[in-house]
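So for the sequence shown, the UniProt record's numbering puts the first residue at 1; every next one is plus one. Positions of the beta carbon are idealized from the N, C-alpha and C atoms, including for glycine. Note that the structure is predicted; figures quoted are calculated from it, not measured. Only one structure is covered here, and it is reproduced in the block below.
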Amino acid sequence: WHLARICSVCKVCVLCAKVVLGKAFLLYLFLRMYSSHRTTVSFLVALFSIAGTINFIEAARNNRHVTCGTVLKLVNTDYKVRLHSHDVKYGTGSGQQSVTATELQEDVNSHWAVKAATGKHCERGEPVKCGDTIRLHHLATNKNLHSHHFQSPLSGNQEISAYGDEHGEGDTGDHWLVVCSGDSWVRTNPVRLQHIDTDMYLGVSGRTFGRPINGQMEVIGLPNPYSGTEWIAAEGLFIHPTEKDSGAHVHTEL
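Rendered as structure tokens:
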């Protein structure tokens with residue numbers, strides 16, 4: 001009985017450690033994106049300072065909107081996979097960094113930050129409105145969700161890639177129109193993302209890759225807003241619009 005109890009406690013400790021480490025890494029990436037000029041030591045000091053407010057952050061779950069500066073994961077409502085990227089380039093088409101979709105929930109390569117269009121500004125914490133043009137910035141590789149007139153490798157639809165320079169700046173191919181109902185992007189409601197330059201909708205083909213990204217699904221641009229083109233905000237770090245000046249955030253599990 002004592003051994004079983006000890007094993008149970010150990011399992012809880014391991015689970016807690018995974019959650020804490022996941023939160024810490026996401027907060028680190030978030031700080032790095034907005035504070036690229038700071039040193040690593042400064043990152044860690046700020047990280048642990050913010051980590052001390054996690055209980056308060058998790059209690060503030062009344063934020064309903066996706067806002068400017070939000071870091072989130074996007075789940076395809078049809079295929080139940082998360083929008084994903086990594087430092088793996090396409091072997092065909094543009095040869096740019098590949099964008100896929102993964103079934104894994106706890107993967108740091110699925111974090112995207114909501115930013116204004118190139119040359120535009122949106123205030124952190126400001127709700128993203130239906131009809132806004134945004135960029136989705138991939139935190140782990142510092143590139144933007146992108147599309148263009150290249151064929152996707154598996155289904156022959158339009159290719160979706162990640163693109164940008166070392167400063168995270170690309171071109172108009174990084175711009176996406178938020179298509180949703182109502183006034184603003186509500187976290188619990190599905191949205192579609194329409195590519196500004198080509199009018200294609202961000203979607204999933206249902207086809208899977210082999211090595212080196214075995215099992216991940218192909219992400220594509222589709223001409224019509226039908227099956228596979230709806231996305232919903234999942235885990236992430238959401239900035240509260242009414243407390244944007246105080247730096248408060250709403251956090252959900254990674």
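Residue(s) in a DSSP beta bridge with residue i
{"i": "Thr-208", "result": "Met-217"}
{"i": "Ala-233", "result": "Leu-74"}
{"i": "His-138", "result": "Trp-112, Lys-143"}
{"i": "Ile-160", "result": "Ser-147"}
Cβ neighbour criterion (16 or more within 10 Å) applied to residue i
{"i": "Asp-183", "result": "exposed"}
{"i": "Leu-83", "result": "buried"}
{"i": "Ile-239", "result": "buried"}
{"i": "Gly-173", "result": "buried"}
{"i": "residue 336", "result": "Summary: the structure shown does not reach residue 336, with the chain confined to residues 1 through 254, and so no result is reported for it."}
{"i": "Leu-104", "result": "exposed"}
Supposed contact pair residue j and residue i - C-beta distance, whole angstroms, cut 8 Å
{"i": "Val-75", "j": "Trp-231", "result": "7 Å"}
{"i": "Ser-85", "j": "Thr-141", "result": "6 Å"}
Residue interval of the beta strand (DSSP E) (run including residue i)
{"i": "Leu-83", "result": "82 to 89"}
{"i": "Arg-192", "result": "192 to 195"}
{"i": "Ala-101", "result": "97 to 102"}
{"i": "Val-179", "result": "176 to 179"}
Residue i vs residue j beta-carbon contact at 8 Å
{"i": "Glu-159", "j": "Gly-93", "result": "yes"}
{"i": "Cys-68", "j": "Ala-116", "result": "yes"}
{"i": "Gly-228", "j": "Gly-203", "result": "yes"}
{"i": "Val-179", "j": "Arg-64", "result": "no"}
{"i": "Val-66", "j": "Ala-233", "result": "yes"}
{"i": "Val-114", "j": "Thr-77", "result": "no"}
{"i": "Thr-198", "j": "His-149", "result": "yes"}
{"i": "His-146", "j": "Gly-168", "result": "no"}
Chain C contact for residue i (CB, 8 Å cutoff)
{"i": "His-86", "result": "Absent from the structure is chain C; it holds one protein chain and no more."}
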